[in-house]
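**Q**
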Amino acid sequence: MLALGASPRTPRAPAMPEKRPFERLPADVSPLNYGLCLKPDLIDFTFEGKLEAAVQVKNATNQIVMNCADIDIITASYAPEGDEGGTALGGGRVWKSRAELRKEVHATGFNYQNEDEKVTLSFPSTLQKGTGTLKIDFVGELNDKMKGFYRSKYSTPSGDTRYAAVTQFEATDARRAFPCWDEPAIKATFDISLVVPKDRVALSNMNVVERRPYPDDESLVEVKFARSPVMSTYLVAFVVGEYDFVEARSQDGVLVLVYTPVGKAEQGKFALEVAAKTLPFYKDYFNVPYPLPKIDLIAIADFAAGAMENWGLVTYRETALLIDPKNSCSSSRQWVALVVGHELAHQWFGNLVTMEWWTHLWLNEGFASWIEYLCVDHCFPEYDIWTQFVSADYTRAQELDALDNSHPIEVSVGHPSEVDEIFDAISYSKGASVIRMLHDYIGDEDFRKGMNLYLTKFQQRNAATEDLWESLEKASGKPIAAVMNTWTKQMGFPLIYVEAEQQEDDKVLKLVQKKFCASGPYTGEDLPMWMVPISICTSEDPTCAKMQILMDKPELTVVLKDTKPEQWVKLNLGTVGFYRTQYSPAMLESLIPAIRDLSLPPVDRLGLQNDLFSLARAGIISTVEVLKVMEAFVNEPNYTVWSDLSCNLGILGTLLSHTDFYEDIQVFVRDVFSPIGERLGWDPKPGEGHLDALLRGLVLGKLGKLGKRAARGGEERPVLSADLRSPVYVTVLKHGDSSTLDTMLKLHKQADMQEEKNRIERVLGAISQPELIQKVLTFALSEEVRPQDTVSVIGGVAGGSKQGRKAAWKFVRDNWEELYNRYQGGFLISRLIKLTVDGFANDKMAAEVKAFFESHPAPSAERTVQQCCENILLNAAWLRRDADSIQHFLQQRRAPPAPV
């Protein structure tokens, strides 16, 4: 699953002591095949279901325990398989003799344990060991909570409002659609049929094998799908609605279909092209063919995550799948390519081989979050996507993982309510980052060999983290488990301090590792240790490692032979190792010119700047030192390096908005960004590519937010290019009044594409008058905004200005019931909290946030609340520590030079 771009699911604190003991389902009875027929009612929002499951009774018992939530069972019975071969094993229907029918036992009690989302079916006599058929008739609700079997609202081209019936089962919501053994390790085959209005499209994991008129109602048809391979319940899916599609065959013969809203088939072509290129890439990379006859990718209007990898029927938010050649910006194309790459990777890694339990979720998500970049790099080398990985995933994971309230990659999960909290930046981004480090340490060839061993050995089964390490160890001969356990079983990561001493023609480096903490130098009693693959390069060849070592102790001395005094030395070539580096002042001094003259590669310039910024934030060095280094980036051409600089200067700007010299940091940022802004200008130049478009949007948006009015000729141009819309909208709103806001809201209403609506929603917070800020917040909860997008409107207000932050926090408190009810403990509630309160910077606010959530508990966001309070206290400490010296530095810069 792809939890959302900006910030994947955020976790909660280690569960509190009153945690109920959680038990997995008993193993007495297990499913071999689910024969499932569902009949959704798209008007009354209910559904009827019939389950005929072929099951195996392993131990004689008089009860069957299954998962079940928000479902009412009407009847249930069990019939053992007769000696004459009564029920065809696997759910095929066979006529039974009277004698056999007498053996059918009806359940006499259904005991629902709602807290545990379980039901116990009790039978009047003992079910003997052997196979048989379990039949259950039940009814349920097509809910509006974006989980289980739910309804999704859409408009027809003529403007009518209708509903589709769609599913989202990961992690534990298949039980809301049918009673089942809803645990990833309990795999079975599925024979699914859907009874639907005959003018609707009906889809499931497998291809359709039969459509026949429904006997009781001629406006309905029964659509029957082929039997699935052995699979986990969380990957089952069905969709009933109105869609157009485009199709292609990949070069290895798999049928690929992209389903779009009616009238928008054209917008599915980009994703289709990416999917058709991606399937053969993965088949080749893993050396295992895609196991199903077809794959559907479908855009769903109301969708909480980014996308979900259901086997053979992948569901997406519209913005993660649809691209309009004229109206989609470059970053949207890149996002769609990454999400398609992520979900298709899961078809092997996750679906063919599945984690044994949710504790190993990180392996699924971390792996897919890494390989999506490998795949996009293969399809679109011009995106320079690996540099973007460092800014999008690696640095974000380090930011979260430096907190005391972080958690290890591997978290033991018990009760299903705890699963939601681990869909966060640690599982995804740190997971992906340590896999990238591992791939680099092993080398591509052995890594692929190990992956093939793993997928072949465990296909159609379940595996744990250790199983992958074992396969990679076999393929590479390196101590994979020993190295990786230090990264996945303990939280945090190391700071490597390095100093150099010249000894004749050699440089002697002394390295020391300590845990890196956002609050400053580590002072804990225990000394956590990592096995760190370290690469070292010098100015002789900045792109090639002069030395590679595995640092497996607290201190290490290494000798770089033949390294002249004037040569600089840099650790962590390519910013691949998951650690931060602190150089001695002299070593750092010698690296600065390599930033100015660009002899240091982009990803290393980015890493160096990001490490320094984090060290300043943690109080290990002074913020002024970092500002001086930032001035060295004046010749920087690389989009991703600017993106990271922009992000860090944004964090500093937010911090200093709490002071009376906020204007001075604005001037500093403007001075850093103006030269590149002038070089780029507003108009795209011939021969520019993807990254130029991204850079122009970033830089002009930054300058617009700083209140530099856009000077732009040629206003008679009829349509603003998609890549320039965000920066223009932001600039106009920043200087705008109520009529500007009305114009933007009107544009929002008229926008036909969800991407354009989202683009507008995200920038509305740039408006500055208090009464207009209120208007934007009210708009966030209106019918105009899809429920999953409300969060980014409120987040945009909180991030837009100091008064926006206060107003957004008050708005969240005042409307808490409605917001909490809307997201019911899903990951969007965590995201909302983080976006709203992370920018505060005084101890009093931390106490206020803590107190509010003590009286308004949000269990699935408990850890997020702790992380936010920790961040607010860290911000306050940073201000106390550095505000005066920053102010002094910024005012010195602006002072005219003294007359001579």
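In UniProt numbering, the protein residues as written are 1 to 900. A virtual CB, placed ideally from N, CA and C, is assigned to each residue, including glycine.
1) Note the first and the last residue of the continuous beta strand (DSSP E) segment covering Y316.
2) What does the alpha-carbon distance come out to for the pair E715 and D671?
3) At the level of alpha carbons, what is the spacing between P565 and L344?
4) Using CA coordinates, which residue listed in A320, N610, M587 is at the minimum distance from S391?
5) Go ahead and pull the three-state DSSP assignment for S228.
6) Which same chain residues, not among the five before or five after L89, have their C-beta less than 8 Å away from its C-beta?
7) Can you give me the start and stop residues for the alpha helix (DSSP H) that P675 sits inside?
8) Would you report the Cα separation of L890 and P325, rounded to the nearest angstrom?
9) Between the alpha carbons of S193 and K430, how many angstroms are there, rounded?
10) Just to confirm my understanding: we take V624, look at its own chain, exclude 5 residues before and 5 after, and list those with CB closer than 7 Å. What are they?
11) On the DSSP bridge assignment, give the partners of P197 in chain order.
12) Taking the alpha helix (DSSP H) that M587 belongs to, which residues open and close that run?
13) Could you name the residues that DSSP lists as bridge partners for H106?
14) Using the Cβ count rule (16 or more neighbours within 10 Å means buried), how would you classify I43?
15) Should A847 be labelled buried (16 or more other beta-carbon atoms within 10 Å of its own) or exposed?
16) From D83 to K103, what does the alpha carbon distance come to, in whole angstroms?
17) Which of helix, strand or coil does DSSP assign to V166?
18) Taking only the alpha-carbon atoms, compute the straight-line gap between I621 and G140 and give it to the nearest angstrom.
19) If you draw a straight line from the alpha carbon of L352 to that of L835, how long is it in whole angstroms?
20) Tell me whether the stretch 295-302 and the stretch 244-261 touch, counting them as touching only if at least three CB pairs, one residue from each stretch, are closer than 8 Å.
21) M484 by DSSP, collapsed to three states: which one?
22) Give the DSSP bridge partners of C869, in chain order.
23) Just grab the DSSP bridge partners of G148 for me.
24) Please report how far the alpha carbon of D160 lies from the alpha carbon of L203, in whole angstroms.
25) Hey, out of S232, V532, S726, whose CA is closest to Q459's CA?
26) Measure the beta-carbon distance from I872 to L832 and round it to whole angstroms, keeping in mind my assumption that it falls under 8 Å.
27) In whole angstroms, give me the CA-to-CA distance for T354 and T75.
28) Report yes if the CB atom of Q513 is closer than 8 Å to the CB atom of W487, and no otherwise.
29) If you drop the 5 nearest sequence neighbours on each side, which residues of the same chain put their C-beta closer than 8 Å to that of V288?
30) Considering only the alpha carbon of each residue, which of L745, E242, K58, I409 lies closest to W362?
31) Verify whether the separation of the beta carbon atoms of residue 938 and D420 is less than 8 Å.
32) Less than 8 Å separating the beta-carbons of V236 and A337?
33) Please tell me whether D244 and K264 are closer than 8 Å, where the distance is taken between their beta carbons.
34) Is G713 helix, strand or coil when you go by DSSP?
35) Note the first and the last residue of the continuous alpha helix (DSSP H) segment covering G704.
36) Kindly indicate which three-state DSSP category D446 falls into: helix, strand or coil?
**A** Result, derived from the coordinates:
1) Secondary structure note for Y316: its beta strand (DSSP E) is the uninterrupted segment 313-317.
2) Bear in mind that a pLDDT of 46 at E715, under 50, signals an unreliable position, so the model cannot answer this.
3) In this structure, the alpha-carbon of P565 lies about 50 Å from that of L344.
4) Considering only alpha carbons, the answer is N610.
5) Under the three-state reduction of DSSP output, S228 falls in the coil class, being neither helix nor strand.
6) Because the pLDDT at L89 is just 45, under 50, the model does not fix this residue reliably, and the value given afterwards should be weighed accordingly. Closer than 8 Å at Cβ, skipping near neighbours: L32, N33, A54, E81, T131.
7) Start and end: 662-680.
8) So the two alpha carbons sit approximately 44 Å from each other.
9) Straight-line Cα distance between these residues: approximately 40 Å.
10) S885, I886, F889, listed in sequence order.
11) P197 is bridged to L220.
12) 585-596 is the extent of the alpha helix (DSSP H) around M587.
13) For H106, which the question treats as bridged, DSSP gives the partners S77.
14) With fewer than 16 neighbouring CB atoms inside 10 Å of its own CB, I43 falls in the exposed class.
15) Exposed, by the Cβ-count rule.
16) Here D83 scores only 45 on pLDDT, less than 50, and its place in the model is too uncertain to base an answer on.
17) Reduced to three states, the DSSP call for V166 is strand.
18) In a straight line, the C-alpha of I621 is about 59 Å away from that of G140.
19) Roughly 36 Å between the two C-alpha positions.
20) Contact between the stretch 295-302 and the stretch 244-261 is present: three or more C-beta pairs spanning the two stretches fall below 8 Å.
21) The answer is helix: DSSP assigns M484 an H, G or I state.
22) C869 is not bridged to any residue.
23) DSSP, once it has assigned bridges, lists Q168 as partnering G148.
24) Distance between the alpha carbons of D160 and L203: 23 Å.
25) Taking only the C-alpha atoms, the option nearest Q459 is S232.
26) Wrong, their Cβ atoms sit about 16 Å apart, outside the cutoff.
27) The alpha-carbon atoms of T354 and T75 are separated by roughly 32 Å.
28) Using a Cβ distance threshold of 8 Å, Q513 and W487 do not count as a contacting pair.
29) Cβ neighbours of V288 beyond the five flanking positions: W348, L352, N452, L455, T456, Q459.
30) Among L745, E242, K58, I409, the Cα nearest to that of W362 belongs to I409.
31) Since the first and last residues shown for the chain are 1 and 900, residue 938 lies out of range.
32) For V236 and A337, no; Cβs fall outside 8 Å.
33) In terms of Cβ geometry, D244 and K264 form a close pair [threshold 8 Å].
34) Residue placement at G713 is flagged as unreliable, the pLDDT there being 45, under the threshold of 50; a coordinate-derived value is accordingly withheld.
35) First-last of the alpha helix (DSSP H) with G704: 690-705.
36) In the structure shown, D446 sits in a helix (DSSP, three-state: H, G or I).
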